[in-house]
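Chemist:
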Amino acid sequence: MANMKNCNLCIAALTAVVGASIAVTSYGYGIGVTEFGPGAGFWPFILGVALLLNAAAIFLDTMLNLKSYADEVVVLRSPGCFKAYKLMAMVVAYAVLIYVLGFYIASFLFLAAAMRFLGLEKKLLILAVSLIFLGIVWLLFAKALHITLPRPIFWEG
Amino acid sequence: MDAIIAAFSQVFSIYNFLLLVLGTVVGIFIGAMPGLSVNMGLALLFPITFTVGGLGGIIMLLGIYCGAIYGGSITAILLKTPGTPASAATTLDGYPMAIINGQPGRALSISTTASTFGGVFSVVCLILFAPMLAKIALQFSKPEYFALAVFGISMVTSVSSGSVLKGIVGCIVGLWIATIGLDAMSGMERFTLGTLYLSGGVSFMPILIGLFALTQVFVNCEESVGTKQQKSDIKIDSVLPSCADVKLTLPTLVRSSAIGTFIGCVPGTGGDIGSWISYNQAKVWAKDSSQFGKGDPRGIAASESGNNSVVGGAFIPVLTLGIPGDGATAIILGALMVHGIQPGPLLFVNNPAGVYTIFLGLLAANLLMGAFGFSFIRMFARVVNIPRQILLPIIAVMAIMGTYSYNNSMPDVAIMVCAGIVGYFMHKSGMSVPGVIIGIILGKLAEENFTGSLMMSDGSAVVFLEHPLCAVLLFLSALSLFSPMYRPMLRKLFENR
């Protein structure tokens with residue numbers, strides 16, 4: 000079971016890394032102030048430094064309130080979380096599938112799979128909802144608004 | 000006068016009016032569904048504004064905003080589950096009146112009347128006060144604009160629901176995302192990793208949809224494990240308020256609407272604060288407060304007029320100063336900017352027709368909301384029964400579809416999915432999401448006016464202190480940013496006294 004102490008320390012470390020990277024990269028763009036105004040890196044450099052300061056503040060705050068943060072549980076391994084992670088994986092796969100199979104086929108597969116995954120058991124209902132929803136999308140986007148949603152790669156090829 | 004006529008023709012053209020109707024209905028639906036938020040609804044339907052046309056799309060978003068805040072009261076009253084946080088106070092008297100006293104129709108009619116009254120009241124205040132504030136703001140130069148942007152950014156401490164420090168991190172990351180692409184002054188590419196896609200900058204749309212809509216899908220998916228969706232099978236009798244109820248609640252309606260409008264004006268507040276303060280004041284002012292919490296009509300009226308009147312109030316800083324008060328107004332501010340309407344004092348000079356269209360759109364949205372509330376309340380009461388298993392996948396598909404159709408870009412979809420996943424972990428770690436959006440939206444304004452001010456002063460930072468208003472705004476920003484540090488001390492001091 001993770002706690003907020005570890006979570007905060009991870010965020011502080013990540014913020015420090017991101018802040019340092021932004022500051023270093025911005026320095027390369029030029030942070031000097033001339034009569035033509037500040038260099039391209041001046042503003043992002045300030046943001047990088049602000050992130051570094053914030054990382055230090057989060058670290059300090061965590062260290063000063065170690066006990067209360069250690070007692071605060073961050074649930075990352077509950078059955079609900081794993082269900083959410085699986086849904087994330089399905090959404091990622093869906094986005095990849097759109098590229099290959101196009102919007103309508105991929106969406107049909109995703110809708111059916113996700114509804115089943117979330118616990119809907121009536122197959123006919125799953126099929127009907129998926130088809131009706133995509134039918135409405137097709138009418139609205141393709142016919143009414145003339146928006147072309149991604150097509151399958153074999154269609155374009 | 001021409002601007003008002005132009006605004007009338009915009010709002011009441013058949014096409015735009017239908018969009019407003021659609022937005023209001025969708026808004027009520029979203030508000031009524033526990034787990035779906037106002038922000039999620041706005042983010043999901045934002046991309047459609049590009050295809051339906053600029054002002055028409057904005058009008059639709061106004062309908063969603065007003066409808067969703069009202070819609071939250073339906074489940075608050077019938078299921079004791081507020082559809083939105085703004086309706087939490089409504090459960091105190093709404094649920095007892097509807098279920099324990101067996102008067103669901105009465106409770107819903109009072110809430111509809113109060114919501115409509117509060118909404119219309121606040122829009123009238125917006126129409127009266129926004130132009131005055133804009134006139135003052137017209138005196139602003141670059142340092143004041145920079146200070147204003149910083150003031151808006153400092154509101155992140157108020158909108159952060161979890162840790163303020165982590166909220167600030169999110170906001171700074173948002174500010175940094177706004178710097179990606181070509182530098183406006185030098186034309187130099189920044190943080191583009193040599194890619195053509197990033198040289199145009201990162202659009203805030205995919206991030207917005209990912210953080211608000213997709214994240215919520217994952218959160219709801221997690222929460223669905225081990226909890227059973229509540230069902231409503233309540234029969235609603237009458238949907239119109241009685242004369243006695245109107246007479247009893249009228250003073251409360253006026254007082255709560257004034258409180259809500261004022262609270263809406265203060266950036267960083269929201270409907271939830273408006274409704275709780277209004278509820279509390281109604282209790283304080285009541286001669287007999289013994290029925291509060293047991294189904295008192297004044298309790299429902301106070302909470303609902305308080306949260307709906309925040310809407311008009313919240314538009315005062317958005318339109319006159321370009322400062323978003325919360326996540327929802329940040330999204331609408333972004334939508335206005337994307338459609339070429341730059342909120343700020345100059346908006347009242349350069350685009351008065353646009354301003355009046357927003358005023359009229361808000362007014363019409365509130366009236367429509369009331370009309371729909373009274374006419375279709377029985378139907379809206381049933382939307383809570385739509386299974387989550389159907390709703391969540393559809394929202395995920397709409398998020399992807401909306402993101403893609405914005406730019407016809409698959410990289411945008413990838414960014415949206417990443418933002419959704421990151422948003423879920425931000426939610427887990429108590430990191431506030433609206434801060435990122437506020438950062439992205441105000442980033443350009445802050446940087447451009449910061450560099451512009453330094454150019455004005457040949458690189459001297461004293462320019463920010465030489466302008467009195469700028470100095471005051473920066474001081475207020477510092478007060479707001481550091482408020483989490485001194486607020487507990489102040490509270491302790493007052494408690495000891």
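Chains A and B, in that order, give the protein sequences. Sequential numbering of the first sequence, starting at 0, is according to numbering that gives the first Met the number 0. Sequential numbering of the second sequence, starting at 0, is according to numbering that gives the first Met the number 0. Backbone N, C-alpha and C fix where the C-beta goes; we use that ideal spot for every residue, glycine too.
(1) Residues of chain A with a CB under 7 Å from the CB of G333/B: which are they?
(2) Taking any Cβ of chain A, which residues in the segment 422 to 434 of chain B have a Cβ under 9 Å from it, in chain order?
(3) What does I173/A touch in chain B if you count any residue whose Cβ is under 9 Å from its own?
(4) Counting only C-beta atoms, is I10/A closer than 8 Å to chain B at any point?
(5) For the alpha helix (DSSP H) holding H426/B, just list the boundary residues, first then last.
(6) Let me know if F153/A comes out buried or exposed under the rule of 16 or more other beta-carbons within 10 Å of its beta-carbon.
(7) Considering only C-alpha positions, which residue in the set V471/B, I330/B, M484/B is nearest to I439/B?
(8) Quick one: grab the DSSP three-state call for L54/B.
(9) What did DSSP end up calling G209/B once you bin it into helix, strand or coil?
(10) Between G53/B, A88/B, T50/B, F49/B, which has its C-alpha nearest I68/B's C-alpha?
(11) Could you have a look at L124/A and say whether DSSP puts it in helix, strand or coil?
(12) Are I171/B and A88/A close, meaning C-beta to C-beta below 8 Å?
(13) Could you tell me if R189/B is buried or exposed, where buried requires 16 or more neighbouring beta carbons within 10 angstroms of its beta carbon?
(14) Secondary structure at E188/B, three-state DSSP: helix, strand or coil?
(15) Do V10/B and I58/B come within 8 Å of each other at the CB atom, strictly closer than that value?
(16) Output, in chain order, the set of chain B residues within a Cβ distance shorter than 8 Å of A39/A.
(17) Would you please verify whether the beta carbon of P392/B is less than 8 Å from any beta carbon of chain A?
(18) Can you name, in chain order, every residue of its own chain whose Cβ lies under 6 Å from the Cβ of F314/B, other than the five neighbours on each side?
(19) In the DSSP assignment, the alpha helix (DSSP H) including F107/A goes from what residue to what residue?
(20) What does the alpha-carbon distance come out to for the pair T248/B and S241/B?
(21) Around the Cβ of I272/B, are there at least 16 other Cβ atoms within 10 angstroms (buried) or fewer (exposed)?
(22) So V73/A and A12/A are in contact, right, with Cβ under 8 Å, and what is the actual spacing, rounded?
(23) Rounded to whole angstroms, what is the Cα-Cα separation between L213/B and F424/B?
(24) Below 8 Å on the Cβ atoms is my contact criterion, and I expect P205/B with M415/B to pass it. Report the Cβ-Cβ distance as a whole number of Å.
(25) Answer yes or no: does any C-beta atom of chain A fall closer than 8 Å to that of I414/B?
(26) So the alpha helix (DSSP H) D60/A belongs to, where does it begin and stop?
(27) What are the complete beta strand (DSSP E) segments, minimum 3 residues, inside the segment 36 to 121 of chain B?
(28) If contact means a Cβ-Cβ distance below 8 Å, which residues of the segment 85 to 112 of chain A contact chain B?
(29) At a CB-CB cut-off below 9 Å, which residues of chain A make contact with R387/B?
(30) Which partner residues of P37/A appear in the DSSP bridge assignment?
(31) To the nearest angstrom, how far is it from the Cα of V224/B to the Cα of I389/B?
(32) To which residues of the same chain is N350/B closer than 8 Å at the C-beta, ignoring the five residues directly before and after it?
(33) Nearest by alpha-carbon distance to M184/B: which of E303/B, S72/B, L453/B, L492/B is it?
(34) Which residues in the same chain have their Cβ closer than 8 Å to the Cβ of T191/B, if we skip the five residues on either side of it in sequence?
(35) Could you check how far apart the C-beta atoms of G311/B and G263/B are, in whole angstroms? I think they sit under 8 Å.
(36) Following the continuous alpha helix (DSSP H) through K293/B, name the residue where it begins and the one where it ends.
Modeler: Answer, in terms of the structure:
(1) What G333/B touches in chain A: nothing, since even the nearest Cβ is about 20 Å away.
(2) Y423, F424, K427, S428, G429, M430
(3) Here chain A covers residues 0 to 156 and nothing more, so residue 173/A does not appear.
(4) yes
(5) 409 to 427
(6) exposed
(7) Closest option to I439/B, Cα to Cα, is I330/B.
(8) The DSSP-derived three-state label of L54/B is helix.
(9) helix
(10) A88/B
(11) L124/A: helix per DSSP, three-state reduction.
(12) no
(13) Per the 10 Å Cβ criterion, buried.
(14) strand
(15) At the C-beta level, I58/B and V10/B come within 8 Å of one another.
(16) D182, M184, S185, M187, R189
(17) yes
(18) L125
(19) 102 to 116
(20) 11 Å
(21) buried
(22) Not really, about 16 Å apart at Cβ, beyond 8 Å.
(23) 12 Å
(24) About 4 Å separates the Cβ atoms of P205/B and M415/B, confirming a contact at the 8 Å cut-off.
(25) no
(26) 41 to 63
(27) none
(28) Those residues of the segment 85 to 112 of chain A that come within reach of chain B (Cβ to Cβ, closer than 8 Å) are L86, M87, V90, V91, Y93, A94, I97, Y98, F102, S106, F109, L110.
(29) L117, G118
(30) V32/A
(31) Going from the Cα of V224/B to the Cα of I389/B covers about 15 Å.
(32) Within the same chain, N350/B has close Cβ partners I340.
(33) L453/B
(34) Within the same chain, Cβ atoms closer than 8 Å to the Cβ of T191/B are found at I179, G180, L197, S198, the five residues on either side in sequence being excluded.
(35) 7 Å
(36) It is not in any alpha helix (DSSP H) - K293/B carries neither H nor E in the DSSP assignment.
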